[in-house]
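full-length UniProt numbering applies: residue 1 is where the sequence shown begins, and numbers increase by one.
Right, one structure below, let's go through it.
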Amino acid sequence: MKTRTICCEPCDFIFTGVALLQEHHIDRHIVIVCRQCNDEKFAGIAEFRRHAPCLGLHASKCGDCGKRFERTLDRDGFDIIEHAKSCQAIIDSMCRGLFFTSSEDYRQHCRHDSGHCQRLNKLRHERRQIRMEKMAREKKAREERERKAREEAERQKEEEQEEEEQEQEWTGWEGWPLHGPAAPEPEVKAHFEIKTVTTEEIVRKMYGIRSALEPEEEIVWPDHMISPWAAAAQKRRERGLAERAARKARQQEAQAAEKTKGKKAI
């Protein structure tokens with residue numbers, strides 16, 4: 001693989017990378033002006049270090065754009081180094097690592113170089129697309145949160161209205177469904193069983209003997225102690241017994257009428 005080299009124009013040093021060239025240019029060739037020594041100019045950070053061994057007593061400015069840098073208490077802290085990377089030692093990463101020693105040259109390159117403009121427009125378009133997608137996702141998430149909040153508010157409002165209606169319609173026992181539909185009669189299946197009767201049971205039945213443990217009569221509860229459900233069940237039972245008795249009587253009358261008709265026909 002062939003290594004790409006780049007040359008330093010002021011001193012003809014050859015470097016294998018733009019980062020090394022930038023470090024060398026900042027150390028040896030950038031213009032630094034000392035504001036405390038009659039605006040004396042120095043070439044590079046190395047020469048300025050030799051001039052000002054204690055940087056806490058010297059203030060400087062950039063020789064290209066004139067930006068001022070105040071005193072610093074850190075011996076190795078040079079704010080102008082970070083500034084020089086964007087002023088007197090600029091690396092254009094968009095154009096395969098081109099190197100510029102002046103901010104004006106870099107601005108002219110950015111304005112008039114077609115390749116740089118195309119790459120910059122493409123980068124701006126990609127960033128714009130990313131922003132648009134992010135905004136669309138945020139908008140969708142916000143709409144989803146608002147929709148859920150509206151649904152929750154509507155649900156709570158409906159529940160409150162239902163509770164209010166139930167409280168207004170409450171009338172005590174009158175609103176309870178006491179008389180429900182009659183239960184269907186259970187299907188009676190034929191069942192044959194041999195019943196064994198003991199002598200004791202025969203004697204008891206013959207002479208009417210009752211055990212002391214058996215209650216003499218059924219307990220009769222007063223009406224005010226019977227619950228509405230029990231009263232309703234008792235009414236349904238009485239109504240069912242009455243209907244069954246009436247149905248049985250009608251069947252007997254029909255059978256008697258048929259027998260009478262048969263005798264007359266004979």
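Every residue gets a Cβ at the ideal spot worked out from N, C-alpha and C, and that includes glycine.
Given the structure is predicted, the values throughout are model-derived calculations rather than measurements.
Residue i - containing beta strand (DSSP E), residue span
i           : result
F100        : L98 to F100
D92         : I90 to D92
A43         : E40 to A43
K67         : K67 -> no beta strand (DSSP E), and no H or E assigned at all.
V31         : V31 to C34
K205        : Run containing K205: none in the beta strand (DSSP E); it sits in the alpha helix (DSSP H), T199 to Y207.
residue 281 : Any answer about residue 281 is impossible in this case: the structure gives the chain only from 1 up to 266.
Test item: CB-CB of residue i and residue j under 8 Å
i   : j   : result
I81 : I32 : no
A59 : Q36 : yes
A61 : F48 : Per the sequence presented here, residue 61 reads as Lys, with Ala not at that position. No; because the gap between Cβ atoms is not below 8 Å, this pair is not in contact.
T5  : F13 : no
R28 : A52 : no
I26 : A84 : yes
Cβ distance (whole Å) where residue i is taken to contact residue j below 8 Å
i   : j   : result
L20 : F99 : Not really, about 11 Å apart at Cβ, beyond 8 Å.
G63 : K41 : 6 Å
H24 : C7  : The Cβ separation is near 11 Å, so there is no contact.
N-terminal and C-terminal residue of the alpha helix (DSSP H) that residue i is part of
i    : result
C110 : S103 to H112
I26  : V18 to R28
E52  : A quick correction: the sequence has Ala, not Glu, at residue 52. Looking at the DSSP string, A52 is not in any alpha helix (DSSP H), and its letter there is neither H nor E.
E187 : Unbroken run through E187: none, as it is neither H nor E.
H83  : D79 to A84
Next on the checklist: Counting beta carbon pairs with one atom in the region 111 to 124 and one in the region 91 to 98, are three or more of them shorter than 8 Å?
Outcome noted: Proximity of the region 91 to 98 to the region 111 to 124 meets the contact definition, three or more beta-carbon pairs being nearer than 8 Å.
Checklist entry - Where are the alpha helix (DSSP H) runs, 4 residues long or more, that stay fully inside the region 114 to 178, in chain order? => result As far as the region 114 to 178 is concerned, its whole alpha helix (DSSP H) runs of at least 4 residues are 114 to 169.
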